[in-house]
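Which chain is which? The protein sequence lines are A and B, in order. So the first sequence is numbered by our numbering: it starts at 1 and just counts up by one. So the second sequence is numbered by our numbering: it starts at 1 and just counts up by one. Using N, Cα and C, we set each Cβ at its ideal position, and we do this for glycine too. Given the structure is predicted, the values throughout are model-derived calculations rather than measurements. Below is one structure, written out as structure tokens; the observations come after it.
Number of protein chains: 2
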Amino acid sequence: MRVLGLDPGIESFGFGVLEEEGGGIRVLDCGALRTSSHLPVWERLLQLYRELKELFLRFKPEEMAIEHFVGRGVRSALEVGEARGVALLVAAELGVPVFEYHPSKVKEIVTGYGRGSKSQVQRMIQLQLGLGSAPRPDDAADALATAFCHLWERKRKV
Amino acid sequence: MRVLGLDPGIESFGFGVLEEEGGGIRVLDCGALRTSSHLPVWERLLQLYRELKELFLRFKPEEMAIEHFVGRGVRSALEVGEARGVALLVAAELGVPVFEYHPSKVKEIVTGYGRGSKSQVQRMIQLQLGLGSAPRPDDAADALATAFCHLWERKRKV
Numbered sequence: 001m002r003v004l005g006l007d008p009g010i011e012s013f014g015f016g017v018l019e020e021e022g023g024g025i026r027v028l029d030c031g032a033l034r035t036s037s038h039l040p041v042w043e044r045l046l047q048l049y050r051e052l053k054e055l056f057l058r059f060k061p062e063e064m065a066i067e068h069f070v071g072r073g074v075r076s077a078l079e080v081g082e083a084r085g086v087a088l089l090v091a092a093e094l095g096v097p098v099f100e101y102h103p104s105k106v107k108e109i110v111t112g113y114g115r116g117s118k119s120q121v122q123r124m125i126q127l128q129l130g131l132g133s134a135p136r137p138d139d140a141a142d143a144l145a146t147a148f149c150h151l152w153e154r155k156r157k158v
Numbered sequence: 001m002r003v004l005g006l007d008p009g010i011e012s013f014g015f016g017v018l019e020e021e022g023g024g025i026r027v028l029d030c031g032a033l034r035t036s037s038h039l040p041v042w043e044r045l046l047q048l049y050r051e052l053k054e055l056f057l058r059f060k061p062e063e064m065a066i067e068h069f070v071g072r073g074v075r076s077a078l079e080v081g082e083a084r085g086v087a088l089l090v091a092a093e094l095g096v097p098v099f100e101y102h103p104s105k106v107k108e109i110v111t112g113y114g115r116g117s118k119s120q121v122q123r124m125i126q127l128q129l130g131l132g133s134a135p136r137p138d139d140a141a142d143a144l145a146t147a148f149c150h151l152w153e154r155k156r157k158v
């Protein structure tokens with residue numbers, strides 16, 4: 001089972017690809033897509049659309065996991081919404097099922113409780129996935145945490 | 001000069017196509033794209049993406065006009081952002097230049113002052129465009145008002 005986790009943003013769009021096989025989970029790739037603040041927003045969205053499509057086609061995830069947006073102000077909701085809309089569109093175009101998780105659920109699964117700090121999530125995701133160092137940047141770690149949460153929830157439900 | 005005005009939303013996505021020729025402005029089409037609340041958001045965004053692309057290809061607008069989002073809460077900003085992101089993406093994909101206007105600017109141009117009510121904007125856009133009745137639904141009237149504002153501003157700047 002291959003899962004793509006996403007942490008949408010217009011400046012930095014985190015992604016993480018996890019594969020579960022024979023009970024083990026490994027990281028296939030993670031990172032952040034970046035767009036220049038000197039470009040108009042529609043050019044940035046087009047760039048994200050193309051790069052996300054490339055990611056989907058390269059890794060062929062069977063499922064996609066994404067966090068519910070939880071309020072950090074109207075401006076931020078609008079910007080995240082625009083980037084998120086493009087990501088959801090790519091998944092729908094390519095027929096990849098989407099699963100959404102509340103951020104507190106992701107934290108609970110990764111750290112054992114719902115209110116871990118950002119750095120705790122990063123340390124725990126490093127340990128859970130047996131990585132040599134914490135995934136960088138933050139958005140990549142968040143995307144991996146969301147993908148990890150989804151794999152965990154899937155297993156629980158089987 | 002042909003302009004497509006948009007008023008993004010996930011339930012109802014307003015559009016209006018205006019053409020200016022020889023000093024006169026006429027409405028080529030207006031209406032609202034609707035998606036079912038029974039579908040997951042990614043399916044609704046895919047439907048909007050396809051229908052918007054069809055609109056662009058049918059009317060071949062030279063420019064697109066859209067309002068700046070002005071705060072009505074985080075939930076609404078996120079939803080409008082998702083639909084807006086898809087519309088901006090279509091414009092960028094097809095190379096149609098995008099122009100954004102603050103809602104108060106649109107009201108000022110259409111009604112003569114920046115704080116007109118929704119129904120005043122509708123009545124005035126009906127008068128300005130010489131329509132037999134006010135455009136329906138509201139989102140179509142708002143989209144026409146934004147396109148009208150853009151044509152007006154273009155003329156002023158020439």
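The closest CA to that of M1 (chain A), considering only A:F15, A:R26, A:D7, A:L127, is found on A:R26.
When DSSP reads this structure, A83 (chain A) sits in no beta bridge, so it has no partner. Contact of A92 (chain B) with chain A is assigned, a C-beta pair being separated by under 8 Å.
Taking a 10 Å sphere around the C-beta of V74 (chain A), we find 16 or more other C-beta atoms and assign the residue as buried.
Excluding its 5 nearest sequence neighbours in each direction, W152 (chain A) has C-beta neighbours in its own chain below 7 Å: I109, listed in chain order. The beta carbons of F13 (chain B) and L39 (chain B) sit no closer together than 8 Å. In the DSSP assignment, E20 (chain A) falls within the beta strand (DSSP E) that extends over 12-21.
For M124 (chain A), the secondary structure class from DSSP, reduced to helix, strand or coil, is helix. In the DSSP annotation of this structure, the continuous segment of the alpha helix (DSSP H) that includes F59 (chain B) starts and ends at 41-59.
Against chain B, a Cβ distance below 7 Å from Y49 (chain A) picks out L89. Rounded to whole angstroms, the separation of the alpha carbons of E43 (chain A) and K53 (chain B) is 17 Å. Distances from the CA of E93 (chain B) to each of B:G31, B:D29, B:L144, B:Y49 were compared; the closest alpha carbon is that of B:Y49. Around the C-beta of L127 (chain B), fewer than 16 other C-beta atoms lie within 10 Å, and the residue is accordingly described as exposed. For R2 (chain B), the enclosing beta strand (DSSP E) stretches over residues 2-7. In terms of Cβ geometry, I10 (chain A) and A83 (chain A) form a close pair [threshold 8 Å].
At a C-beta separation below 8 Å, W42 (chain B) has these neighbours in chain A: L88, L89, A91, A92, V98.
Identification of chain B residues near A65 (chain A) by a Cβ-Cβ cut-off of 8 Å yields none; the smallest Cβ-Cβ distance measures about 13 Å.
If the five residues before and after V106 (chain B) are omitted, its C-beta is found closer than 7 Å to the C-beta atoms of E67, A145, T146, C149, all from its own chain and listed in chain order. When rounded, the separation of the alpha-carbon atoms in A141 (chain A) and G31 (chain A) is 8 Å.
If you ignore the 5 residues before and after S133 (chain B), its C-beta comes within less than 8 Å of the C-beta of Q126, all in its own chain and listed in chain order. The C-beta separation of V86 (chain B) from F69 (chain B) comes to about 14 Å, leaving the pair out of contact by the 8 Å criterion. In the structure shown, A65 (chain B) adopts extended strand secondary structure according to DSSP, grouped into three states. Using a Cβ-Cβ cut-off of 8 Å, G5 (chain B) is close to nothing in chain A; its nearest Cβ partner there is about 16 Å away.
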